[in-house]
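To keep things clear, I will list the structure first and then write my remarks on it.
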Amino acid sequence: MKNNTFMAKSSEDLSSKRHFHWTTKITNEEEQQSPTLKSSNTAGDKKEETQKGPKPEQAASTSSQRRKLQAIAVSRLRSVLTAFRKNQSHSLLSLGPQVVGTLFGHRHGHVHMAFQKDAASEPAFLIELATPISGLVREMVSGLARIALECDKEEGEEEKAVGRQRLLEEPRWRTYCNGKKCGFAARRECGPREWKVLKAVEPISMGAGVLPGNGDGDGEIMYMRAKFERVVGSKDSEAFYMMNPDSNGAPELSIYLLRV
1 MKNNTFMAKS
11 SEDLSSKRHF
21 HWTTKITNEE
31 EQQSPTLKSS
41 NTAGDKKEET
51 QKGPKPEQAA
61 STSSQRRKLQ
71 AIAVSRLRSV
81 LTAFRKNQSH
91 SLLSLGPQVV
101 GTLFGHRHGH
111 VHMAFQKDAA
121 SEPAFLIELA
131 TPISGLVREM
141 VSGLARIALE
151 CDKEEGEEEK
161 AVGRQRLLEE
171 PRWRTYCNGK
181 KCGFAARREC
191 GPREWKVLKA
201 VEPISMGAGV
211 LPGNGDGDGE
221 IMYMRAKFER
231 VVGSKDSEAF
241 YMMNPDSNGA
251 PELSIYLLRV
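The sequence shown begins at 1 in full-length UniProt numbering and counts up one residue at a time.
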């Protein structure tokens with residue numbers, strides 16, 4: 001009986017000890033797991049803060065900087081395109097050492113003078129002189145005609161010659177014919193009427209004649225067309241000499257452009 005009681009107590013003690021160790025093990029495991037859970041929660045909090053993104057002030061600043069950079073890029077692109085188009089137009093209309101020159105006008109009207117790169121190109125230089133074309137014809141009958149066109153330099157242009165416009169782009173000129181003052185001349189755009197005349201004389205390399213009028217009462221159109229030699233002295237001076245292959249006493253014409 002005692003043996004049975006001892007064995008029962010021993011089994012109870014063993015059971016209680018096992019229960020104690022199991023409980024202790026579970027408690028230790030919970031204690032070990034709790035920091036892990038805490039650290040995972042901290043990581044989750046950080047992740048949530050990261051997902052929230054930057055503050056509104058930072059977002060607004062970034063957006064403003066982005067817009068500024070885009071505006072600068074667009075501005076630079078526009079300036080590059082403008083410069084490219086300008087250079088392209090200058091290259092298309094630029095004159096070489098030999099050009100085609102045409103003087104024309106209604107019989108009782110003013111002289112128009114045009115210089116073209118070739119017979120079919122748009123005029124690089126087109127001006128209207130106050131001189132009547134009949135008066136120019138009389139001057140050329142003498143065998144030699146010299147037309148001088150002068151324009152003024154703007155104040156400060158001598159110091160900043162880099163930004164100066166091309167001589168052929170000057171808008172107003174003073175006109176002299178064989179030393180006599182003949183009023184003023186103005187640069188013109190090639191409109192439909194002027195282009196019609198230049199197209200009519202396009203097949204003519206050299207010569208003079210009369211074209212029928214436009215029916216607007218201004219009368220016939222007189223013209224003289226020839227090739228000219230172009231000589232560039234500087235940014236402020238150019239000369240055009242009519243090329244006369246025959247050299248048989250035909251009228252000669254020289255045109256000078258000066259910026260003084």
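Glycine included, every Cβ here is placed at the ideal spot set by N, Cα and C.
Keep in mind that this is a model prediction, so the values were computed, not measured.
**Q.** C-alpha distance - residue 148 paired with residue 127, whole-angstrom precision
**A.** Approximately 13 Å between the Cα atoms of the pair.
Q: Give me the Cα-Cα distance between residue 77 and residue 176, rounded to the nearest whole angstrom.
A: So the alpha carbons of these two residues sit roughly 45 Å apart.
(Q) Using a Cβ-Cβ cutoff of less than 6 Å, which residues in the same chain neighbour residue 123 once the five nearest sequence positions on both sides are dropped? (A) Excluding sequence positions up to five before and after residue 123, its CB lies within less than 6 Å of the CB of 114, 116 and 190, all in the same chain and listed in chain order.
(Q) On the DSSP bridge list, what partners appear for residue 318? (A) Residue 318 lies beyond the range of the chain shown here (1 to 260); nothing can be said about it.
Q. Which residue from 106, 61, 119 and 62 puts its Cα closest to that of residue 215?
A. Considering only alpha carbons, the answer is 106.
**Q.** Backbone CA spacing between residue 98 and residue 74 [nearest angstrom]
**A.** About 41 Å.
Q) Any idea what DSSP makes of residue 72, helix, strand or coil? A) Looking at residue 72 - three-state DSSP - the assignment turns out to be helix.
Q. Near residue 139, which residues of its chain fall below 7 Å by C-beta distance, leaving aside the five closest residues on each side in sequence?
A. Only residues of its own chain outside the window of five on either side were considered, and among them 145, 177 and 178 have a CB closer than 7 Å to the CB of residue 139, listed in chain order.
Q: Would you identify the three-state DSSP class for residue 133, choosing helix, strand or coil?
A: The answer is helix: DSSP assigns residue 133 an H, G or I state.
Q: Could you tell me whether the Cβ atoms of residue 225 and residue 204 are closer together than 7 Å?
A: Less than 7 Å divides the Cβ of residue 225 from the Cβ of residue 204.
(Q) Under DSSP, the alpha helix (DSSP H) around residue 199 begins and ends at which residues? (A) Where residue 199 is concerned, the enclosing alpha helix (DSSP H) stretches over 192–200.
Q. What three-state label does DSSP hand residue 206 in the structure shown?
A. DSSP places residue 206 in coil when its eight states are reduced to three.
Q) Quick one: is residue 170 buried, meaning 16 or more other Cβ sit within 10 Å of its Cβ, or exposed? A) Result: buried.
(Q) If you reduce the DSSP assignment to three classes, tell me which class residue 95 lands in. (A) In the structure shown, residue 95 sits in coil (DSSP, three-state: anything other than H, G, I, E or B).
Q | Cα-Cα separation between residue 199 and residue 103, rounded to whole angstroms | A | The alpha-carbon atoms of residue 199 and residue 103 are separated by roughly 13 Å.
Q: Could you name the residues of the same chain whose beta carbon sits closer than 6 Å to that of residue 255, not counting the 5 residues immediately before and after it, in chain order?
A: Taken in chain order, the residues that qualify are 147 and 240.
Q) If you drop the 5 nearest sequence neighbours on each side, which residues of the same chain put their C-beta closer than 7 Å to that of residue 168? A) If we look at residue 168 and ignore the five residues flanking it on each side, its Cβ neighbours are 124 and 125.
Q) Are residue 151 and residue 230 touching if we call contact CB-CB under 7 Å? A) No, they are not a contact pair.
Q) Which residues in the same chain have their Cβ closer than 8 Å to the Cβ of residue 202, if we skip the five residues on either side of it in sequence? A) 119 and 120.
Q) By Cβ distance below 7 Å, which residues in the same chain neighbour residue 245 in space, the five residues on each side in sequence not counted? A) So no residue of the chain qualifies.
**Q.** Nearest neighbour of residue 206, chosen from 69, 164, 174 and 227 [CA to CA]
**A.** Taking residue 206 as reference, the option from 69, 164, 174 and 227 with the minimal CA-CA separation is 227.
Q: My understanding is that residue 112 touches residue 194, with C-beta atoms under 8 Å, so please give their C-beta distance in whole angstroms.
A: Correct: roughly 7 Å between the Cβ atoms.
Q) With a CB to CB cut of under 6 Å and the five nearest residues on each side skipped, what residues in its chain are close to residue 210? A) 220 and 222.
Q. Ends of the beta strand (DSSP E) at residue 116?
A. Residue 116 -> beta strand (DSSP E) spans 110–116.
Q | Bridge partner(s) assigned by DSSP for residue 242 | A | Partner residues in the beta bridge of residue 242, as assigned by DSSP, are 228.
(Q) For a test of the three-state rule: what should DSSP assign to residue 188, helix, strand or coil? (A) Residue state, collapsed to three classes: coil.
Q. If we ignore side chains and look at the alpha-carbon of each, how far apart do residue 263 and residue 72 end up?
A. Residue 263 lies beyond the range of the chain shown here (1 to 260); nothing can be said about it.
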